[in-house]
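Read through the structure below, which is laid out as structure tokens, and then see the notes.
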Amino acid sequence: MNLLQEKLFELRDDDYKNFQSKLLPTVDKEKIIGVRTPALKKFMKNYFSDENVENFLNDLPHKFFEENSIHSIIISEIKNYSDCLRAVKNFLPYVDNWATCDSLIPKIFSEHTDELEGEIKIWLESNLIFTKRFAILMLMKFYLEKNFDEKCLQWVSKIETNEYYVEMMAAWFFAEALVKQYDATIIFFEQKLLPPKIFQKAIQKAVESRRISLEVKKYLKSLR
Numbered sequence: 056m057n058l059l060q061e062k063l064f065e066l067r068d069d070d071y072k073n074f075q076s077k078l079l080p081t082v083d084k085e086k087i088i089g090v091r092t093p094a095l096k097k098f099m100k101n102y103f104s105d106e107n108v109e110n111f112l113n114d115l116p117h118k119f120f121e122e123n124s125i126h127s128i129i130i131s132e133i134k135n136y137s138d139c140l141r142a143v144k145n146f147l148p149y150v151d152n153w154a155t156c157d158s159l160i161p162k163i164f165s166e167h168t169d170e171l172e173g174e175i176k177i178w179l180e181s182n183l184i185f186t187k188r189f190a191i192l193m194l195m196k197f198y199l200e201k202n203f204d205e206k207c208l209q210w211v212s213k214i215e216t217n218e219y220y221v222e223m224m225a226a227w228f229f230a231e232a233l234v235k236q237y238d239a240t241i242i243f244f245e246q247k248l249l250p251p252k253i254f255q256k257a258i259q260k261a262v263e264s265r266r267i268s269l270e271v272k273k274y275l276k277s278l279r
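Residue 85 in my numbering sits at position 30 of the sequence shown; the count goes up by one each step and never skips.
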């Protein structure tokens with residue numbers, strides 16, 4: 056066990072570990088230490104320097120879930136686009152759960168959406184579950200507002216997958232798209248252009264949303 060891992064075990068909370076393990080079925084319970092997020096972030100501020108950050112990012116794969124969480128947090132704050140993209144590409148093959156995937160949201164990507172499109176298309180075609188999920192997450196975070204283009208809806212609607220975590224992200228994407236780009240998105244529901252599981256789950260998520268009107272919810276239910 057290295058020094059970082061020893062420090063993380065000093066912060067462990069067994070009750071939280073048991074709680075997390077139920078939420079992360081794709082992660083071996085023994086690879087979850089059980090460190091709460093506020094404690095993890097506070098620890099990071101005191102532990103990492105520029106030198107050991109670089110060493111940490113290059114030390115893949117990590118053993119514990121919390122190390123992957125730290126990795127996601129660090130990458131999300133990298134300010135240089137090329138450096139950030141390189142770090143994301145290096146890390147994605149080792150992402151093995153939805154929580155690590157969904158916490159990986161590089162801020163710098165919002166300023167480079169034109170360049171990022173090509174990378175997203177490659178990730179969408181990946182055989183890795185959480186790489187594909189990450190691609191949809193990037194489209195949801197950075198392409199449904201000022202950078203919106205209907206082709207993003209097309210890309211996600213044509214995803215071929217039977218993987219639960221990909222289907223759930225695609226459903227979340229379309230529920231979010233209904234909020235932000237209703238006129239372009241509702242067509243995909245009316246014409247049933249989505250795979251059946253994604254179609255049904257997207258309607259469920261939209262119906263549960265507080266940002267969608269009762270009138271629209273009623274209409275969506277009628278399309279089932």
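Backbone N, C-alpha and C define an ideal beta-carbon position, used for all residues, glycine too. Because the structure is a prediction, the values reported are computed rather than measured.
According to the DSSP assignment, histidine 126 belongs to the alpha helix (DSSP H) that extends over 120 to 131.
Counting every other CB atom within 10 Å of its CB across the protein chains shown gives methionine 56 a total below 16, marking it as exposed. Per DSSP, isoleucine 87 lies in no alpha helix (DSSP H) segment and is marked neither H nor E.
In this structure, the CA atom of serine 165 is about 30 Å from the CA atom of glutamine 255. In the structure shown, isoleucine 163 falls within a helical segment according to DSSP collapsed to helix, strand and coil. Arginine 67 and valine 90 have their C-alpha atoms spaced approximately 5 Å apart.
In this structure, glutamate 222 keeps its C-beta atom at 7 Å or more from the C-beta atom of isoleucine 184.
Linking glutamate 205 to glutamate 132 through their CA atoms gives a straight-line distance of about 29 Å. Residue range 184 to 197 is occupied by the alpha helix (DSSP H) that includes phenylalanine 189. Residues Ile129 of the same chain have their beta carbon placed closer than 7 Å to that of valine 108, with the five preceding and five following residues left out of the count.
Check the Cα spacing between valine 82 and each of Phe203, Lys134, Phe120: the tightest is with Phe120. The beta carbon of lysine 84 sits closer than 6 Å to those of Ser76, all from its chain and outside the five residues before and after it, given in chain order. Distance from the Cα of aspartate 169 is smallest, within the candidate group Met193, Glu245, Leu59, Asp105, for Met193.
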